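A quick write-up on the structure given underneath.
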């Protein structure tokens, strides 16, 4: 469908006086000396032992207190070091969060994450105009509409998504920005981004020759998906165990829980949810099949609560486990990591020389795939490749790059949202932005 719009050591001792006292008693007592000697020896030794025990106990207490203080100090120091390491592994954005850029009526979950940073990535100040752009996860159209407004030179736009509801909203939002006489050719497509190359090849504008100037992938879930209990994504919502991004897909979370081999269920929880209690959960999920199986998010949540070690009725422990389990199932149902990895290669192939691919991920598994795939794409093992520090007044967001024979990773460390955005838009807290650029071939 085409339309014109877009977007402690102690020792016993006796003093010399005590030794003389023992000797005196031994020779002066009228009762048998051995008996008195034994009596006096026991009495005196007992006193020494009691005194020694008190001193030993006191020193032991002091040692324990000293150890606690030392451990507390070490713990604080370790926490500080870990925080510093975490900060060094990323580049926190310094961009201001513009609340005024959010259309009236949009909820916090509809706010496009790291919008200012995305606009910087595709800014014309990079030296290349943005004439063609693809949003692989258009969602509600927040990023796309801002890109279209910022680039009047844009003449080709394609927005993709597997969610028909989100796509309808995006189409309405983007079409508001353009008139009928606009030169922009816009396509809104209900497809997974793994089909990008074929879709571009089939379009009338043939943007694959020479390629697309900018491609964006925002891997976060939209509020329309999370807030709808019928989709099965919400941990604290009662709904069917669905979790399909594409409503037309056949595999559901319910199928995995009730039909897949036990070893596969455990692998999903371990690898995709990074859940330490995966083995116990795996066994209980399989045992539940003999009682009718699991068919709703409430049933799954009840199983998780009862399976969580130390569960006493509170939420703090099991809610985190539930979040990891739901993540694991969602990734498995939609084959997210494999699709993502393959699509990153496809998107890079579709870029024009000098074109950029930006990816926003929201959990460590996704970010790991993006990071490793970017490095594999640019082929940084060849001679002459290097890590370079960049100082560019036009593009201050670029700090360190990794150069390769096919391209350059512009974000050696991922960019994360500003503190202000994290405070005002809680959904952005785990976001990480990575960017890769295709090399310009010099003739």
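In our numbering, the protein residues as written are 57 to 499.
Glycine included, every Cβ here is placed at the ideal spot set by N, Cα and C.
Every value quoted in this text rests on a predicted model; they were computed, and no experiment measured them.
{"Item": "From the DSSP output, in three-state form, read off residue 464 for me.", "Value": "strand"}
{"Item": "Can you tell me whether residue 290 is helix, strand or coil according to DSSP?", "Value": "coil"}
{"Item": "For residue 352, which residues does DSSP report across the bridge?", "Value": "296"}
{"Item": "Please report the straight-line C-alpha distance between residue 311 and residue 267, rounded to a whole angstrom.", "Value": "40 Å"}
{"Item": "Starting from residue 312, trace the alpha helix (DSSP H) in both directions and tell me its first and last residue.", "Value": "309-315"}
{"Item": "Using a 10 Å radius around the Cβ and a threshold of 16 neighbouring Cβ atoms, would you call residue 472 buried or exposed?", "Value": "buried"}
{"Item": "So does the stretch 273-291 actually touch the stretch 194-213, counting three or more Cβ pairs closer than 8 Å?", "Value": "yes"}
{"Item": "Per DSSP, what are the beta-bridge partners of residue 150 in this structure?", "Value": "Partner(s): none; residue 150 has no beta bridge."}
{"Item": "In three-state DSSP terms, what is residue 342?", "Value": "helix"}
{"Item": "Below 8 Å between beta carbons: does that hold for residue 308 and residue 299?", "Value": "yes"}
{"Item": "What does a CB cutoff of less than 6 Å around residue 212 pick up in its chain, not counting 5 residues either side in sequence?", "Value": "188, 241, 261 and 263"}
{"Item": "How is residue 418 classed by DSSP in three states: helix, strand or coil?", "Value": "coil"}
{"Item": "First and last residue of the alpha helix (DSSP H) that includes residue 332?", "Value": "Note, residue 332: premise wrong, no alpha helix (DSSP H); not H, not E."}
{"Item": "Could you give the DSSP three-state label for residue 411: helix, strand or coil?", "Value": "strand"}
{"Item": "Does the stretch 341-358 touch the stretch 412-422, meaning 3 or more C-beta pairs lie closer than 8 Å?", "Value": "no"}
{"Item": "Apart from the five residues just before and just after residue 338, which ones in its own chain have a Cβ nearer than 7 Å to its Cβ?", "Value": "318, 321, 322 and 325"}
{"Item": "Please report how far the alpha carbon of residue 375 lies from the alpha carbon of residue 238, in whole angstroms.", "Value": "50 Å"}
{"Item": "Starting from residue 178, trace the alpha helix (DSSP H) in both directions and tell me its first and last residue.", "Value": "Counting along the chain, residue 178 falls outside any alpha helix (DSSP H), and DSSP gives it neither H nor E."}
{"Item": "Using only the alpha-carbon positions, how far apart do residue 217 and residue 227 sit?", "Value": "11 Å"}
{"Item": "Measure how close the beta-carbons of residue 404 and residue 492 come, nearest whole angstrom, since I'm counting them as under 8 Å.", "Value": "7 Å"}
{"Item": "Would DSSP call residue 304 helix, strand or coil?", "Value": "coil"}
{"Item": "Quick check on DSSP: helix, strand or coil for residue 247?", "Value": "coil"}
{"Item": "I need the DSSP call for residue 322, collapsed to helix, strand or coil.", "Value": "helix"}
{"Item": "How should residue 351 be labelled, buried or exposed, when 16 other C-beta atoms within 10 angstroms of its C-beta is the threshold for buried?", "Value": "exposed"}
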